[in-house]
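Right, one structure below, let's go through it.
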Amino acid sequence: MTRTTRCTAAGAALLAAALAFAQTGLGTHTRATNDPVFIAQEMLGRPTDTTVTINASSFKNLEVYYEYGTKSGEYTGKTAIAKATGGEPLNVLVDKLKPNTQYFYRMRYREAAAATFSTRDEHTFHTARPAGSTFTFVAQFDPHLDDNTDDATYKLSLQNMVQDKPDFIIDDGDNFFVDKLNPLTRENVEKRIQLQRSYYDILTHSTAMFLALGGHEGETNRRLNGTAENLAVWDTVLRKKYIPNPDPNGFYTGSTKDYPFVGVREANYAWTWGDALFIVLDPYWNAPQAPEQAGDWSLTLGKEQYDWLKKTLETSNAKFKFVFSHHLVGGRQMEGGARGGIEVAKYLENGGYNLDDTWGFDKARPGWGKPIHQLLVDNKATIYFHGHDHTYAKQDLDGLVYQAGPQPSASKTGLGDRAKIYNYTHGTVLGYTGYLRVTVSPADVKVDYVTTWLPSLENATQKNRMVADTYTIKAR
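Each residue of the sequence shown is one higher than the one before, counting from 638 in the working numbering.
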């Protein structure tokens, strides 16, 4: 930042409160980025071939606009001046952009009484890539920020991602980790989202954010009580304020259902970028209805989301198809629930079998047609990314890769007995800490497991940004 406005006493108090936030049972974590003016710095979201949304939140009332252009330091366009209310995130749409183009941008802002606009640092974004392009994205899993995660490790993982210059990041859930807050209040949920947002600020000023939901976000309609005062509503509303996830607009598809108190949830969505189709699923919100409600089969996409998934897969001509869900929609209920990869892929909505190994799909999901796994295989899906198990596991089943992801923030780097507990007995299974870097070209997809090592843990065989595993999938 080249110039800043003076932080008011009220703004300083808000910042102090945010910095001091910690909750019983979640460890003591401090904000990764701090700014005297902004609670949440620039975050890119909803990129299309001609638009991008920039989200930010200031401590006090400001006037804000963005300058942008295709050369660093040369800004040929600017948005209209928008009024930002202190404490309320502001989305600004940058439109009329060129497809397949890198842009440089910066924020200009001032208090209403100020004579001049202050200037923030320059950042970049890229509009949607067409078929035939090569690009990189990164994926992280289970950042948590609980007693078993380490601030320095998580920040280093995000800084490592910055070096990859990805077009976007997909966070595959258990990001806000709000269901264990004590006390569980709307105010504390918002503080917790602000805390995680401060870590995202390391990366998402120049890397667009796509967020998937984990179980610890609490966005299940089992928590609904007919009012706006419950965790499912709080997290949905506040997530949408601070994270500009896609809403169906032609470039993106997804659920258009309008729910009381929260509107369109922006929780399951799909888009095409280059030669790849990306699908993000939400296995939590849709509480089962008869005959789905019985026992083991309670975990479900719901019929509406299943039908959308089926249509999205069947109507896509993309060479590569990637699916993201925090965990499989089914599987054996091992320690912690819904654990495992291909060893449990045959069960429940994912694979169609009851837990006693008898076929149950037709009875439990009448009229659906086929389980999720078969739907993916029949439509030549490439990789099913899932988290939840805090383990790197690359596994193959029926031509589909099941890819479990590691934590970017774990304080312990060893695999320990997680593989045994969660029933991973096939494929490449590794511990460590880090994230996945995925490079997509017209010819193939390359997946790298990039590990994170703090300076104190580096040695001859452990180097930060070391690739612990890599594989390539050719276009079919």
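Glycine residues also receive a C-beta, built at the ideal position from the N, C-alpha and C atoms.
Just so you know, these numbers come straight off a predicted model, no measurement behind them.
Rounded Cβ spacing between residue i and residue j (contact assumed at less than 8 Å)
{"i": "His760", "j": "Gly852", "result": "Contact doesn't hold; Cβ gap of about 33 Å is too wide."}
{"i": "Pro736", "j": "Pro767", "result": "7 Å"}
{"i": "Thr771", "j": "Thr1076", "result": "7 Å"}
{"i": "Thr690", "j": "Leu730", "result": "6 Å"}
{"i": "Tyr879", "j": "Arg834", "result": "5 Å"}
{"i": "Thr756", "j": "Arg747", "result": "Actually they are not in contact, since the Cβ atoms of Thr756 and Arg747 sit about 10 Å apart, beyond 8 Å."}
{"i": "Thr1107", "j": "Val1082", "result": "Not really, about 11 Å apart at Cβ, beyond 8 Å."}
{"i": "Arg1074", "j": "Asp801", "result": "5 Å"}
In DSSP terms, what residue i is bridged to
{"i": "Leu1037", "result": "Leu1034"}
{"i": "His842", "result": "Its beta-bridge partners do not exist; DSSP assigns none."}
{"i": "Tyr705", "result": "Gly714, Tyr742"}
{"i": "Tyr990", "result": "Tyr984, Trp996"}
{"i": "Thr1065", "result": "Lys1031"}
{"i": "Arg876", "result": "In the DSSP output, where bridge partners are listed per residue, Arg876 has none listed."}
{"i": "Trp910", "result": "Ala913"}
{"i": "Gly682", "result": "Thr690"}
{"i": "Asp1085", "result": "Arg1074, Thr1107"}
{"i": "Gly891", "result": "Tyr906"}
{"i": "Glu700", "result": "Lys720, Arg747"}
Pair within 8 Å by beta-carbon distance, residue i and residue j
{"i": "Asn1101", "j": "Asn797", "result": "yes"}
{"i": "Leu1037", "j": "Val1014", "result": "yes"}
{"i": "Phe961", "j": "Ala913", "result": "no"}
{"i": "Pro881", "j": "Ala765", "result": "no"}
{"i": "Ser892", "j": "Val899", "result": "no"}
{"i": "Leu985", "j": "Trp910", "result": "no"}
{"i": "Ala776", "j": "Tyr1072", "result": "yes"}
{"i": "Pro1008", "j": "Phe1022", "result": "no"}
{"i": "Glu980", "j": "Asn886", "result": "no"}
{"i": "Ala719", "j": "Leu727", "result": "yes"}
{"i": "Leu782", "j": "Leu663", "result": "yes"}
{"i": "Asp1026", "j": "Arg976", "result": "yes"}
{"i": "Thr1088", "j": "Thr1070", "result": "yes"}
{"i": "Ala1030", "j": "Ala1041", "result": "yes"}
{"i": "Gln678", "j": "Asp838", "result": "yes"}
{"i": "Gly706", "j": "Gly714", "result": "yes"}
{"i": "Arg876", "j": "Ile806", "result": "no"}
{"i": "Ala750", "j": "Asn698", "result": "no"}
{"i": "Ser843", "j": "Phe762", "result": "yes"}
{"i": "Val815", "j": "Glu854", "result": "yes"}
{"i": "Phe778", "j": "Pro1043", "result": "yes"}
Assigned exposure category for residue i - 16 Cβ within 10 Å defines buried
{"i": "Asp872", "result": "buried"}
{"i": "Asn862", "result": "exposed"}
{"i": "Glu856", "result": "buried"}
{"i": "Ala845", "result": "buried"}
{"i": "Glu827", "result": "buried"}
{"i": "Pro1003", "result": "exposed"}
{"i": "Ser709", "result": "exposed"}
{"i": "Ser1093", "result": "exposed"}
{"i": "Thr790", "result": "buried"}
{"i": "Pro897", "result": "exposed"}
{"i": "Asp808", "result": "buried"}
{"i": "Thr841", "result": "buried"}
{"i": "Ala752", "result": "exposed"}
{"i": "Thr1028", "result": "buried"}
{"i": "Asn923", "result": "buried"}
{"i": "Glu704", "result": "buried"}
{"i": "Val917", "result": "buried"}
{"i": "Ala869", "result": "buried"}
{"i": "Thr864", "result": "exposed"}
{"i": "Asn819", "result": "exposed"}
Residue i versus residue j: straight-line alpha-carbon distance, rounded
{"i": "Leu858", "j": "Gly939", "result": "Note on residue identity: the sequence assigns Asn, not Leu, to residue 858. Distance between the alpha carbons of Asn858 and Gly939: 12 Å."}
{"i": "Asp732", "j": "Leu1052", "result": "46 Å"}
{"i": "Thr937", "j": "Tyr702", "result": "43 Å"}
{"i": "Asp994", "j": "His1010", "result": "16 Å"}
{"i": "Thr642", "j": "Asn692", "result": "Its pLDDT being 36, under 50, Thr642 is placed unreliably by the model, and the measurement read from it follows with that caveat. Approximately 20 Å, taken between the alpha carbons."}
{"i": "Arg668", "j": "Ser794", "result": "15 Å"}
{"i": "Pro1045", "j": "Thr670", "result": "17 Å"}
{"i": "Val1066", "j": "Gly989", "result": "25 Å"}
{"i": "Leu950", "j": "Ala1018", "result": "8 Å"}
{"i": "Gly1024", "j": "Tyr740", "result": "32 Å"}
{"i": "Arg969", "j": "Glu725", "result": "42 Å"}
{"i": "Glu700", "j": "Phe675", "result": "13 Å"}
{"i": "Pro1034", "j": "Lys983", "result": "Per the sequence presented here, residue 1034 reads as Leu, with Pro not at that position. So the two alpha carbons sit approximately 10 Å from each other."}
{"i": "Leu1091", "j": "Thr1050", "result": "11 Å"}
{"i": "Gln920", "j": "Gly810", "result": "Before going on, a small fix: residue 920 reads as Pro here, not Gln. Going by the C-alpha atoms only, they are around 11 Å apart."}
{"i": "Phe754", "j": "Ala904", "result": "36 Å"}
{"i": "Tyr712", "j": "Ala721", "result": "22 Å"}
{"i": "Thr661", "j": "Asn812", "result": "Confidence in Thr661 is poor, its pLDDT being 46 and thus under 50, which makes the residue's placement too unreliable to answer from."}
{"i": "Trp996", "j": "Trp1005", "result": "14 Å"}
Within-8 Å CB hit, residue i to chain B
{"i": "Lys940", "result": "Going by chain labels, chain B is absent from the structure shown, which holds only one protein chain."}
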